[in-house]
Amino acid sequence: MEDGGYACDLPAACLSSIHEKDEAIMLNYVEYPSSVKEGTETPGAFDQNGQRFYVLDRLQEQVSRIRYLLDTTVFFRNQLETCQAAGNAEAAQSAYLSLSSGRIGIANGVRSLKPLLLELEHPAASICEALVNQISSFELMTRDYSKFSGGISRFLDALPSYHTVDASTIGRLMNHVKLGHYPTDLTHVGYLERGIVFPDKTVNLLDPCCGTGDAVLRLALGHDSRCYGIELDEERAGLAEQKLFRVAYGDFFSSYVGNRSFHAILLNPPYLTVTLGCGLRGRDEKRFLVEAFQALVMGGLMIYIVPYYRMTEDVCQIFTDNFSDISVYRFLDGEFGKFKQIAVLGTRKPRESDEAASASLYTAALHPESLRTLDQLPEGRYQLPDAALDVKIFRGSVFNESELAHQLMASQSLERLLQKDGQEQEMGRPPLPLSIGQVGLIGGSGLINGLMQCDCPHIIKGRIIKERHERREENHSERGELISTDVIETITNRMVFNILTPTGFRSLV
């Protein structure tokens, strides 16, 4: 009737022949680690500032959903019993299908807890898979569900919450929030570079969270490339601008980047754990992946670096739907011990759903101990597309001087603004002969200085000479006596044209 834990249609005629299994066939509870059974977490170890964390919020949401599904399975089991007793086969079938769906939902819910518990480094993460297997194989027609629901409830009760999580976990989450920026280890970037074959043409490389630009610069070392970066922090963006071809200031999600403009993307998103205000979440790995790969050309290489427990099922689905030739490597032990990072590589393909590949990637990511280390990435493993690409759109959310300079260089508007029109550049002949005053005005403006091309070519140079004129006026009394003398000075400008002709020099005053 069931295969692999997924319900199939149950014919109504078969319901009456379903026999109850022995009540001893119950969920075989896995052995909990001692710290899970004993509940050694320190109560009340909550950040004094009331800081909320995404991982704990998400954990509480999943626990609440599983508890709800547990309640519904008990309800539908009782309903199934009632319908069978009343001989209502159709209603009994509906109750059975709902019961089967509830079991699947509980199993999926427990499975989704594992990445969250791994991030919290909680020992319960080690028993999630075994518990999922027990749930999936549980016999739905068991009469008494108390052991089934009780065992799962005890498991959920032992999980951390804001009131039970230990102080060391809160401290680690706070350190993640405060540090925020984790530069990619350059030695590991060197392993990535070794595994890439660069074409002879110039390639465009993008780091959407470039920091100071060292990682993408190391990836491009020794190759004909143009490195682009986007950085939220102004100080780090300023340092990156000194190294990279282009740097956009501001938030990646508010920046403008042309689609299919890059040969490769090095994406190491920030590992935030904080829940922001206004209902916003601080976990952006999925959003970074979704929006970043749009800038990648078909056949381009995506390098996605995240902690292994952040490769959730939905992230794996996105990656396998949009990328092919996928490989996964973990960082070497020393670096892996710090941030639990893995590198997921793939070449972009047209979107195509692949459930099997997604499940395989999810399983591989959750078992980093089985992954090869990044230094084992084969040399020349990935070939970048041999195509010339032009990045026509690349602008940050924060407008700065360098961005203004680049846009002005790329635009013809400033050139048009400073360019003189044709009337200003060309000197036409006047429709009527010029008067002496007009000649003087033109000469004073400097427009007739230099070589004059005419029937009698000549060189003319005008200059203005200031002349001082003094005039005296005497004032006399009625009796004719000199009272005073007024001295009036007048300064005038006299224009002189010096003309050099083939026959000699002349000066016109």
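Residues are numbered in this note's numbering as their position in the sequence shown, beginning at 1, plus a constant of 547.
Cβ coordinates follow ideal geometry from the N, Cα and C atoms, glycine included.
Same chain only: Cβ atoms within 8 Å of residue i, ignoring 5 sequence neighbours per side
| i | result |
| --- | --- |
| S1054 | V1043, F1044, N1045, I1046 |
| F840 | I812, M849, N869, F870, R895 |
| E1061 | Residue numbering for the chain in the displayed model covers 548 to 1056; residue 1061 lies beyond these limits and cannot be assessed. |
| Y929 | G742, I743, V744, L848, D872, L892, T894 |
| R919 | Y876, R877 |
| G987 | M1042 |
| T1032 | R1019, E1020, E1021, N1022 |
Length of the line joining the Cα atoms of residue i and residue j
| i | j | result |
| --- | --- | --- |
| L627 | A638 | 8 Å |
| F941 | L813 | 16 Å |
| S801 | L931 | 28 Å |
| E1020 | T1037 | 14 Å |
| Q923 | R765 | 18 Å |
| Q959 | R834 | 36 Å |
| D831 | I777 | 15 Å |
| D780 | Y855 | 26 Å |
| S944 | V804 | 11 Å |
| A642 | E902 | 29 Å |
| A952 | G769 | 28 Å |
| E860 | V853 | 14 Å |
| N806 | A762 | 22 Å |
| P730 | L703 | 36 Å |
| L913 | E899 | 23 Å |
| A911 | Y796 | 36 Å |
| Q640 | I651 | 17 Å |
| E686 | V875 | 37 Å |
| K748 | M956 | 24 Å |
| E838 | I889 | 20 Å |
| Q631 | S645 | 15 Å |
| R605 | E666 | 12 Å |
| P978 | Q985 | 13 Å |
| T1050 | R1015 | 34 Å |
Inter-residue CB distance, residue i and residue j (contact presumed, cutoff 8 Å)
| i | j | result |
| --- | --- | --- |
| P707 | H669 | 6 Å |
| L936 | V844 | 6 Å |
| I1035 | R1018 | 5 Å |
| L921 | F878 | 6 Å |
| N649 | T629 | Going by the sequence as given, residue 649 is Gly instead of Asn. That belief does not hold up - the Cβ atoms of G649 and T629 are roughly 17 Å apart, past 8 Å. |
| A672 | A705 | Not confirmed; about 12 Å, so no contact. |
| D933 | P746 | 4 Å |
| A842 | F809 | 5 Å |
| R624 | Y692 | 6 Å |
| T1048 | C1003 | 7 Å |
Residues near residue i by beta carbon distance below 6 Å, same chain, minus five either side
| i | result |
| --- | --- |
| I682 | I653, A654 |
| Y851 | L814, V891 |
| L732 | It should be noted that the sequence gives Asp, not Leu, for residue 732. Cβ neighbours of D732 beyond the five flanking positions: E882. |
| C863 | S905, L908, Y909 |
| I1011 | N1040, M1042 |
| S1024 | I1030 |
| V750 | S772, H810, L931 |
For residue i, the nearest candidate out of the options (CA to CA)
| i | options | result |
| --- | --- | --- |
| P925 | E686, T867, I743 | I743 |
| T759 | L879, A784, L1029, L913 | A784 |
| S647 | A672, M688, P730 | M688 |
| P817 | A642, R857, E740, I1030 | R857 |
| V610 | L951, L664, V837 | L664 |
| R1041 | H770, E1028, L951, K1013 | K1013 |
| K790 | F799, S772, H1016 | S772 |
| L739 | G927, F792, I699 | G927 |
| I699 | Y876, D618, T749 | D618 |
| R701 | R614, T1050, K939, D1033 | R614 |
| K1008 | L998, D1002, R1015 | L998 |
| F792 | S949, P977, F622 | S949 |
| K939 | Q954, F946, N947 | Q954 |
| D798 | E916, I983, F946 | F946 |
| G846 | F886, D880, P897, K885 | P897 |
| S696 | F622, C757, I674 | F622 |
Same chain, Cβ closer than 7 Å to residue i, neighbours up to 5 away in sequence not counted
| i | result |
| --- | --- |
| G893 | M849, F866, F870, S871, D872, I873 |
| V679 | A654, V657, R658 |
| A767 | L752, C774 |
| N635 | none |
| Q607 | S708 |
CB contact below 9 Å: residue i versus chain B
| i | result |
| --- | --- |
| V679 | In the displayed structure, chain B is absent; only one protein chain is listed. |
Review point. Along the chain, which unbroken stretches of the beta strand (DSSP E) at least 3 residues long are found entirely within the segment 907-938?
Key: none
Review point. Curious, which full-length alpha helix (DSSP H) runs of at least 4 residues does the segment 810-878 contain?
Key: 832-839, 860-869
**Study point:** Whole beta strand (DSSP E) elements within the segment 975-1046, 3-residue minimum
**Key:** 997-999, 1005-1023
Point to revise | beta strand (DSSP E) segments (min. 3 residues) lying fully within the segment 733-816 | key: 750-754, 772-778, 793-796, 809-814
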